[in-house]
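Contents: one structure, followed by commentary.
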């Protein structure tokens, strides 16, 4: 243990091990977890049902992990983009999206990303740091609108399955009865398709899955998503056919539509073939232009035609409304490349 270590982000099993090391009763782990995740209190000196001597020892050994956002930018549509600083001095962004009775937080799992998708501002940034479970959770816990949240989506900066250990720990804390107590149906994780970690995620959780697809053809997808070289989307689809998505858990495919690149009739035919046997939906997303990008979004009529053609082939397809584009908070626009000397 070092003084940089935090209690926040640890599971009861990890806390029990620490209690043993510090000469505390192991049952104190559940007491600590309740203070951390139910009362959102990480100062050991305030954990009044723990012996004073043990509180003092915890305070000496562990440092705070939670910190308020450093900046907020608000969109004309009500979306808010929050900037958080990590303990290592990097920055991440998360987007708070209110929509009637629903309030969604789009959280980041990494500062930057090493997947290198050509249409994504985060991918251009490269990877600076994978976040700890505490840094992932901090985006929700330290949010001014924390008590209004109804949903979490792991669709911010980074590839969640490139940081699987910490993401799974965060999901365990969010969904456990000793943690936040959220239903897994309130959470969605998005992945570009990291095959070695995909089964692990599906077996360990019941949260919804969203797969970043964007092109059904191997060679074409590889041009815009380097991940396709290592883990073809056909392999991802084969794995998903092994799982049941007919009850509470859902799988969807995210499809950023780029005019003349992935929106032709042959793409519709190949999507139908690729997704055959998987109960799913496709979410069509307008391409949000990033500087020096060669890609463009089709017009509204073309988006509707593409949606209707997929629907006619039996695939439930929707067009996702763009939110926060004017503050660079929409899909594919999150980036901290120019902040903090990055």
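Numbering (the working numbering), first residue to last: -15 to 326.
We put the CB at the ideal spot given by N, CA and C, even for glycine.
Every value quoted in this text rests on a predicted model; they were computed, and no experiment measured them.
Buried or exposed, going by whether 16 or more other CB atoms sit within 10 Å of the CB of residue 250? exposed
What ranges does the beta strand (DSSP E) occupy inside the stretch 231 to 312, keeping only unbroken runs of at least 3 residues that lie completely in it? 235 to 241, 265 to 270, 300 to 303
Could you tell me how far apart the beta carbons of residue 190 and residue 233 are, in whole angstroms, since I believe they sit closer than 8 Å? 6 Å
Do three or more CB pairs link the stretch 86 to 105 to the stretch 128 to 146 at distances below 8 Å? yes
Starting from residue 61, follow the beta strand (DSSP E) in both directions and report where the run begins and ends. Run containing residue 61: none; DSSP gives neither H nor E here.
For residue 344, does the count of other Cβ atoms within 10 angstroms reach 16, so buried, or fall short, so exposed? In this structure the chain extends from -15 to 326, so residue 344 is not present and cannot be described.
Straight-line gap, residue 284 to residue 306 (C-alpha atoms, nearest Å): 12 Å
Please determine whether the Cβ atom of residue 45 lies at a distance below 7 Å from any heavy atom of the ligand GTP. No copy of the ligand GTP occurs in the structure displayed, which carries no ligand at all.
Let's test the definition: count the other Cβ atoms within 10 Å of the Cβ of residue 65 and tell me whether it reaches 16, buried, or not, exposed. buried
Determine the closest residue to residue 84 out of 78, 134, 60, 40, with distance taken between C-alpha atoms. 134
Spatial neighbours of residue 243 in its chain, beta-carbon cut-off 6 Å, leaving aside the 5 residues before and after: 280, 282
Expected contact under 8 Å - CB spacing of residue 353 and residue 41 to nearest Å: Given a span of -15 to 326 for the chain in the structure shown, any question on residue 353 remains unanswerable.
What residues match up with residue 192 in a beta bridge as DSSP calls it? 172
State buried or exposed for residue 32, treating a residue as buried only when at least 16 other CB atoms are found within 10 Å of its CB. exposed
Just how far apart, CA to CA, sit residue 209 and residue 175? 12 Å
Check the C-beta distance from residue 200 over to residue 258 and give it rounded, since I have them as a contact under 8 Å. 5 Å
Can you pull the DSSP bridge partners for residue -10? BP columns for residue -10 are empty, so no partner.
Could you check the C-alpha separation between residue 132 and residue 155 for me, to the nearest Å? 19 Å
Have a look at the DSSP bridge pairing and note the partners of residue 79. 65, 90
Rounded C-alpha distance that separates residue 270 from residue 78: 20 Å
Which same chain residues, not among the five before or five after residue 255, have their C-beta less than 6 Å away from its C-beta? 200
So, are the CB atoms of residue 25 and residue 157 less than 8 Å apart? no
Tell me the DSSP bridge mates of residue 95? 113
Using three-state DSSP, classify residue 224 as helix, strand or coil. helix
What number of angstroms, rounded off, separates the C-alpha of residue 62 from the C-alpha of residue 80? 9 Å
DSSP-derived helix/strand/coil call for residue 177: coil
Based on DSSP bridge pairs, tell me the residues matched to residue 55. 67
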